[in-house]
Amino acid sequence: MLPNLILIGFMGCGKSSVGRRLSTLTGHRLIDSDEQIVQAEGRSIAKIFAAEGEGYFRQVEKQVLESLIGLAGIILSTGGGLVVPPENRLILRKIGIVGWLDAEPDILFERASRSGKRPLLKTENPRETFDTLRESRMEAYSDAADFRFDSSGLSHDVVARGLLEEAQRHLHRFEG
Ligand code: S3P
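In our numbering, the protein residues as written are 193 to 368.
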């Protein structure tokens, strides 16, 4: 059986949409860490940030991640900051093959700011915040990932198929 596949990457990289496509292609169940947090808390991400702050959100995010250890047959789509704590990266690599979904910064920013729902971008200069945060996380994405995939200009279907092809090259981590 295909191991679990995990999508990491910055806001706007398409983890949720590509995750849905991957779920259809593989038959694996899609789990979205942000959705799990919303369910566990009974309120939106924006409300959690506003009422409790980012630190609390990160605690719940970690608990959600830990609750997934041992599951098989899943596609896991993660929130953009989940990879920041090094211990989360170790857990991710144990759970499955980790693909870093990336795209050109302009594309990411356009998609990330479209919904207006991302609390971390509610600043005076969202683009500057976006660039600084993205830059500060590059190392964490690189460290967590088995591979990086540039989705710029590609449809969700093409990206999902490309990711599956890449994932095949990393099966050895879960064999034998
Ligand atoms: C965050 C990204 C969001 C969500 C939260 C924090 C981040 O998920 O987890 O707003 O720290 O980058 P997406 O990457 O799906 O936007």
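Positions of the beta carbon are idealized from the N, C-alpha and C atoms, including for glycine. Note that this is a predicted model, so its numbers are computed, not measured.
Note on residue 206: 16 or more other CB atoms within 10 angstroms of its CB, so buried under the neighbour-count rule. Collapsing the DSSP output to three states places residue 267 in a strand. Annotation: the continuous alpha helix (DSSP H) that includes residue 353 extends over 348-360. CA-CA distance, residue 351 to residue 269, rounds to 14 Å. Per DSSP, residue 290 lies in no alpha helix (DSSP H); the unbroken beta strand (DSSP E) holding it starts and ends at 289-294.
When the beta-carbon positions are compared, residue 365 and residue 332 stay at least 8 Å from each other. Inter-residue distance for residue 276 and residue 283 is about 12 Å (C-alpha atoms, whole angstroms). Under DSSP, residue 224 shares a beta bridge with 269. Residue pairing by DSSP places residue 339 opposite 291 in a beta bridge. At a Cβ-Cβ threshold of 8 Å, residue 262 and residue 226 do not count as neighbours.
In terms of CA proximity to residue 363, 289 leads the group 297, 289, 308, 310. With a cutoff of 8 Å on beta-carbon distance, residue 214 and residue 194 are scored as not near each other.
Of the residues 218, 308, 266, the one whose Cα lies closest to the Cα of residue 353 is 218. Between residue 212 and residue 291, the alpha-carbon positions lie close to 15 Å from each other. The alpha carbon of residue 232 has as its nearest neighbour, out of 253, 238, 243, 216, the alpha carbon of 253. For residue 300 and residue 203, the gap between their C-alpha atoms comes out near 7 Å. For residue 311, the CB contacts under 6 Å within the same chain, skipping 5 residues up- and downstream, are 238, 241 in chain order.
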